[in-house]
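Below is one structure; the comments refer to it alone.
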Amino acid sequence: MSVPRYTVPSLTPEEGGQVAAILQERLHSLNDLHLTLKHVHWNVVGPHFIAVHEMIDPQVDAVRLMVDSIAERIATLGVAPVGTPGALVAARTWDDYALGRASAIAHLGALDEVYQGVIAAHRQAVADTEVLDVVTNDLLIGHLRELEQFHWFIRAHLESSGGDLSTNGARTELDAARDALGAS
Ligand SMILES: [Fe+2]
1 MSVPRYTVPS LTPEEGGQVA AILQERLHSL NDLHLTLKHV HWNVVGPHFI AVHEMIDPQV
61 DAVRLMVDSI AERIATLGVA PVGTPGALVA ARTWDDYALG RASAIAHLGA LDEVYQGVIA
121 AHRQAVADTE VLDVVTNDLL IGHLRELEQF HWFIRAHLES SGGDLSTNGA RTELDAARDA
181 LGAS
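The numbers in UniProt numbering rise by one with no breaks, and the one at position 87 of the sequence shown is 87.
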């Protein structure tokens, strides 16, 4: 963790550094997410191609705006945001997206897993900033409102009329893709 020379009023530099470190992880996560979403936009094939292809671009745009707000909050806290691909790959704790060219349903199953991971970590960051910095906390909660709605857009394709998710219980993107395909 880097301790800034200055930070926002009424936080100590150490607290500013702690919040910035939490935000840096979210910056990597959401940079990875918008790149992954574009990868899906380009690689989706088969029936439902155009629906999924076109559903994804507004999500890419929204996530890129979130990334910008996170990076600028890090800078506001007095710390340099790191947005380079090498740093992202070195820091991340998850694997690269598992699918290449694949059907819409397979990608949607895998994206269900992707969103689960991103949202769970974002919610942890909300819990970790609740006392430390209410402004950062509010920023992250705003992101979650959109991320969870996007997750629903994905899941609505995987849901039965009885309300069951075809990917329920899957642990990996490939398993979720297989389960989604099996139910389609
Ligand atoms: Fe495009």
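Each residue gets a CB set at the ideal place from its N, CA and C atoms; glycine is no exception.
Comparing C-alpha positions only, which one of D133, H39 and D95 sits nearest to D57? H39
D164 CB to nearest heavy atom of ligand 1 below 7 Å:
no
(message) Less than 8 Å between the beta carbons of A180 and G109, yes or no?
(response) yes
Check your understanding: Exposed or buried, V67, counting other C-beta atoms within 10 Å across all chains shown (16 or more means buried)?
Key -> buried
query = Using the C-alpha atoms, what's the distance from A71 back to A90?
reply = 18 Å
* To do: Specify, as a first and last residue, the run of the alpha helix (DSSP H) that P58 falls within.
  => F49 to T76
*For H48 and chain C, any beta-carbon pair shorter than 8 Å?*
Of the protein chains in this structure there is only one, and it is not chain C.
Taking its Cβ as the centre, do 16 or more other Cβ atoms sit within 10 Å of T172, making it buried, or is it exposed? exposed
> Below 8 Å between beta carbons: does that hold for D112 and I74?
Replying inline: no
DSSP three-state assignment for S166, whether helix, strand or coil: coil
> Can you tell me whether S166 is buried or exposed, with buried defined as 16 or more other CB within 10 angstroms of its CB?
Replying inline: buried
* Simplified DSSP assignment, three categories, for V3 -> coil
**Message:** Quick check: the region 131 to 139 against the region 80 to 88, are at least 3 beta-carbon pairs closer than 8 Å?
**Reply:** no
- Under the three-state reduction of DSSP, which class applies to S29: helix, strand or coil? helix
Could you check whether the Cβ of residue 219 sits closer than 7 Å to any heavy atom belonging to ligand 1? Examination of residue 219 is not possible in this model, given that the chain is present from 1 through 184 alone.
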